[in-house]
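Taken in sequence, the protein lines are chains Z and R.
FYI, the working numbering numbers position 155 of the first sequence as 155, with every residue one higher than the one before it.
FYI, the working numbering numbers position 49 of the second sequence as 49, with every residue one higher than the one before it.
Note that the Cβ used here is the ideal one computed from N, Cα and C, for glycine as well.
In this text the structure is predicted, and so the values were computed from the model without any measurement.
The structure under discussion appears below in the form of structure tokens.
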Amino acid sequence: MKAAEAIIRFLQEEKVDTVFGYPGGYILHVYEALRKSDIRHILVRQEQAAAHSANGYARVSGKVGVCIGTSGPGATNLITGIATAYMDSVPMVILTGQVKTDLIGRDVFQEVDITGATESFTKHSYLVKDANALPRIFKEAFHIASSGRPGPVLIDLPHDIQESEIDWHYPPEVDIKGYKPTLKGHAGQIKRALKSIADSKKPLILAGGGVNLAHAEEALRAFVEKTHIPLVHTLMGKGALSTDSPYYMGMIGTHGYAHANRAVGMADLLIVIGARIADRAFGGTQVTDKVKIVHIDVDPAEIGKNVGTHIPLVGDAGTILDQLNEKAKEKDTAEWLSELQGLVKEIPLKDGRWVNPKRAVGMLSDKLSDTAILVTDVGQNQFWGARSFRDKPNRKFITSGGLGTMGFGLPAAVGAKLAAPDRQVVAVIGDGGFQMSLFELGTIAANNVGVKILLFNNSRLGMVRELQDRNYGKTSQVVLEKNPDFIKLCEAYGIEGVRVEGNDALETAIDKALSTDAPFIIECIVDPQESTL
Amino acid sequence: MNRHVLSVLVENQSGVLSRVSGLFSRRGYNIDSLSVGETEDPKVSRMTIVVRGDDYILEQIKKQLNKLIDVIKIIELKNDQSIFRELAMIKVKAEGSSRASIIEIVGIFRAKIVDVANETLTVEMTGDEGKIEAFINLMKPYGIKEIVRTGLTALERGNKEIKDHRKYEED
């Protein structure tokens with residue numbers, strides 16, 4: 001069997017039904033085999049979008065996202081998408097074409113060392129030099145991408161390897177000496193964690209993206225409801241607990257809520273679950289040396305990296321929460337809860353001449369179904385989205401939290417919608433990020449992907465504007481002059497939309513967008529001075 | 001900034017050295033030397049890495065190394081329980097009267113003269129870093145033309161093997 005055909009069969013063995021990609025000279029054999037298969041290929045308009053779409057697809061489907069690019073520029077265009085997936089621990093397998101084995105290293109046409117270039121932001125990578133190793137490599141790649149702390153794995157496929165003949169087989173199991181992730185929590189540490197919970201007066205859970213990645217939302221809710229311990233979360237941890245839960249205390253971080261950040265400073269026990277607690281998350285908090293920290297993470301390297309830990313618990317978030325749930329006892333936290341609730345301040349919406357983006361997302365959130373998916377881009381829109389979209393058990397919030405990649409929102413929403421065609425998917429984007437991903441309107445139109453775009457147009461890079469105002473008192477290079485007419489632009493692609501210039505027209509526009517299955521854009525004109533928080 | 005010696009088992013395949021050395025440079029860890037070679041199992045190589053850092057850095061280095069799929073096992077070799085050796089070759093000027101005294105020092109250090117030319121002697125020596133440094137210092141007055149060193153390599157004393165150690169995460 002041709003190796004290229006075997007590669008497509010490996011994908012089928014891994015239950016891959018959709019791939020995102022862009023063909024080119026040195027990946028042709030794979031594309032020929034793909035053409036003959038029943039795997040759906042979504043032709044993106046630039047490779048970076050293939051990686052972001054695979055990211056959105058993976059996070060919604062719970063499967064490994066797959067994207068394909070050719071050698072050279074095809075591979076380098078994927079890079080930002082790979083780094084984005086790495087920083088948010090998203091399971092992905094990336095296939096790239098490569099020049100013929102005997103030409104590697106000679107700087108021939110469209111040659112680039114992509115395994116070298118992506119070394120520091122792939123979980124693992126392979127440059128295939130022996131076609132007979134392909135079955136093992138694919139089996140390992142999918143296993144590594146999806147187990148332990150998930151992440152992107154790249155397989156670089158030289159042109160001659162793709163067309164060599166191999167015997168068909170696919171190993172049922174993998175055995176990688178250096179890779180055996182710990183999933184179950186250490187019994188002794190579980191005991192210590194339970195004791196510290198029992199001893200604490202003001203315990204607080206800090207949920208990170210690891211809860212969502214481990215699909216541990218149910219186990220977390222059970223833990224919270226059993227122990228009555230309140231919860232705050234990071235940006236990536238959004239969705240770990242419903243916004244309307246009595247134990248929900250909001251998002252921490254530099255763009256989180258003041259009461260949530262203060263709660264971290266007041267707690268005597270912090271149970272960190274699946275968070276690396278980097279600068280943006282702990283930046284706004286007043287965490288003290290007095291707090292005791294239980295840190296649950298599947299990646300041992302995260303424990304003790306950014307904050308000191310008293311009780312490390314290495315393992316899968318869901319498994320460990322189940323272990324804790326078995327023995328955890330009910331706690332009386334009524335006083336502590338009411339103390340925290342006392343900190344919550346209603347932030348009144350300040351309406352003006354233009355659309356208030358916080359009101360717009362809030363209204364959208366009220367009208368969306370209980371299974372809706374909100375995808376944001378990066379910048380002010382990200383926090384307007386994160387702070388006003390209300391989480392429910394079956395909803396989902398997707399953002400580029402770690403790398404903060406502008407241009408992520410639109411292609412990620414495409415991937416999300418293709419993974420769950422029956423769910424509403426809305427992409428919240430600013431006019432900056434939208435113009436970094438405009439080409440994906442082509443993918444949306446060609447495949448009739450029913451994503452709704454909520455575009456906040458303030459004719460500038462709003463978050464940079466805000467930072468410059470605050471730090472320098474002056475702004476520079478943030479005004480997006482001569483923005484196109486976005487509605488007309490979408491119309492050129494056959495995508496319907498409306499422009500909303502004030503709050504009073506919002507409701508009609510949202511109702512209209514949600515009344516169809518087709519893609520739709522609502523362009524909201526926003527005051528350039530609108531604040532993020 | 002203490003000095004630590006790590007002994008690391010890795011898969012013997014291309015790309016491993018790049019991954020390990022890349023990890024040190026991008027995370028800003030200080031590395032004094034790295035030596036690598038095949039082991040009793042041809043599929044496995046063993047690296048000896050000499051690093052500098054406090055306890056926090058050392059723990060991070062071990063954990064980040066462990067995250068590399070190709071890394072099979074890491075142990076730290078303690079000074080009092082390990083043998084450290086390095087090989088150096090030193091080409092030193094040896095004309096006229098200095099030749100005899102160089103040969104005398106070589107004898108005292110149990111080093112070996114491996115090449116003799118009309119203007120130079122080339123000395124091979126093995127030992128721990130201290131011994132090699134001391135020898136190099138003694139050769140300096142004669143005029144050192146070239147030095148090559150393999151970097152430190154090390155093995156634990158006694159019957160214990162690296163495979164008898166528990167994996168780092170289980171500690």
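For the beta strand (DSSP E) that contains residue i, what are its first and last residues?
i	result
Z/ALA427	425 to 430
Z/GLY21	18 to 21
R/LEU87	82 to 93
Z/LEU157	152 to 158
R/ASP32	30 to 38
R/ARG3	2 to 11
Z/GLY72	No beta strand (DSSP E) contains Z/GLY72, which DSSP labels as neither H nor E.
Z/GLY250	248 to 251
Z/PRO91	Taken as a continuous stretch (DSSP letters only), Z/PRO91 belongs to no beta strand (DSSP E), as it is neither H nor E.
Z/LEU313	311 to 314
So, using beta-carbon positions, are residue i and residue j closer together than 8 Å?
i	j	result
Z/HIS228	Z/ALA207	no
Z/VAL314	Z/ILE277	no
Z/PRO230	Z/MET251	no
Z/MET1	Z/GLU165	yes
Z/ILE373	Z/GLN424	yes
Z/CYS490	Z/ILE521	yes
Z/ILE8	Z/SER37	yes
Z/GLU523	Z/GLY502	no
Z/LEU157	Z/THR96	yes
R/ALA88	R/ARG3	no
Z/GLN477	Z/GLY430	no
Is DSSP giving residue i helix, strand or coil here?
i	result
Z/GLN98	strand
Z/GLY265	helix
Z/GLU14	coil
Z/MET236	coil
Z/LYS2	strand
Z/ASP297	strand
R/VAL71	strand
Z/LEU438	coil
Z/LEU103	helix
Z/GLU165	strand
R/LEU23	helix
Z/ALA207	strand
Z/MET406	coil
Z/LYS292	strand
Z/TYR57	helix
Z/PRO411	helix
R/ASP171	Unreliable positioning characterises R/ASP171 in this predicted model, as indicated by a pLDDT of 42, which lies under 50. The coordinate reading is nonetheless provided below. In this structure, R/ASP171 counts as coil in the three-state DSSP scheme.
R/ARG46	strand
R/ARG224	Shown here, chain R extends from 1 to 171; a query on residue 224 of chain R therefore has no answer.
Z/GLY81	helix
R/VAL16	helix
R/LEU77	strand
Z/GLY65	strand
Name the two residues that bound the continuous alpha helix (DSSP H) containing residue i.
i	result
Z/ARG195	Contrary to the premise, residue 195 of chain Z reads as Lys rather than Arg in this sequence. Where Z/LYS195 is concerned, the enclosing alpha helix (DSSP H) stretches over 187 to 199.
Z/ILE277	No alpha helix (DSSP H) holds Z/ILE277; DSSP gives it neither H nor E.
Z/ARG221	217 to 227
Z/GLY342	334 to 343
Z/GLY318	317 to 327
Taking Cβ positions only, does residue i come closer than 8 Å to chain A?
i	result
R/GLN81	Reference to chain A is not applicable here, since the protein chains of this structure are Z and R.
Return the residues of the region 172 to 197 of chain Z that lie within a Cβ-Cβ distance of less than 7 Å from chain R, sorted by chain order.
ILE176, LYS177, GLY178, TYR179 and THR182: these are the residues of the region 172 to 197 of chain Z whose beta carbon lies less than 7 Å from some beta carbon of chain R, given in chain order.
What are the residues of the region 87 to 121 of chain R that lie near chain Z, defined by any Cβ-Cβ distance shorter than 7 Å?
none
Residues, ordered as in the chain, of the region 64 to 78 of chain R that lie near chain Z by beta-carbon distance below 8 Å
For the region 64 to 78 of chain R, which is checked against every Cβ of chain Z, the residues closer than 8 Å are GLN64, ASN66, LYS67, LEU68, ILE69, ASP70, VAL71, ILE72 and LYS73.
Interface positions of the region 17 to 38 of chain R facing chain Z (Cβ-Cβ less than 7 Å), listed along the chain
SER18, ARG19, GLY22 and ARG26
Along the chain, which unbroken stretches of the beta strand (DSSP E) at least 3 residues long are found entirely within the region 107 to 169 of chain R?
112 to 116, 120 to 127, 144 to 149 and 153 to 156
Please identify, using Cβ separations under 9 Å, the residues of the region 287 to 316 of chain Z that lie next to chain R, in order along the chain.
ASP299, PRO300, ALA301, GLU302, ILE303, GLY304, LYS305 and VAL314
Suppose only complete runs of 4+ residues qualify. What are the alpha helix (DSSP H) ranges in the region 20 to 48 of chain Z, listed by chain order?
Runs of the alpha helix (DSSP H) inside the region 20 to 48 of chain Z: 28 to 35.
Every unbroken beta strand (DSSP E) inside the region 109 to 137 of chain Z [3 residues or more]:
Note on the region 109 to 137 of chain Z: whole beta strand (DSSP E) runs with a minimum of 3 residues are 124 to 127, in chain order.
Which full runs of the alpha helix (DSSP H) of 4+ residues lie inside the region 443 to 530 of chain Z, going along the chain?
Complete alpha helix (DSSP H) runs here, min 4: 462 to 472, 486 to 492 and 506 to 514.
Report the residue ranges of all alpha helix (DSSP H) runs contained in full by the region 350 to 397 of chain Z; include only those spanning at least 4 residues, in chain order.
357 to 367 and 380 to 388
Which residues, taken in chain order from the region 115 to 126 of chain Z, show a beta carbon closer than 9 Å to some beta carbon of chain R?
From the region 115 to 126 of chain Z, only THR115, GLY116, GLU119, SER120, LYS123, HIS124, SER125 and TYR126 have a Cβ closer than 9 Å to chain R.
Determine which residues of the region 144 to 162 of chain Z have a Cβ less than 8 Å from any Cβ of chain R, and write them out in chain order.
ILE144
Relative to chain Z, which residues along the region 40 to 61 of chain R have a C-beta separation below 7 Å, given in chain order?
GLU59 and GLN60
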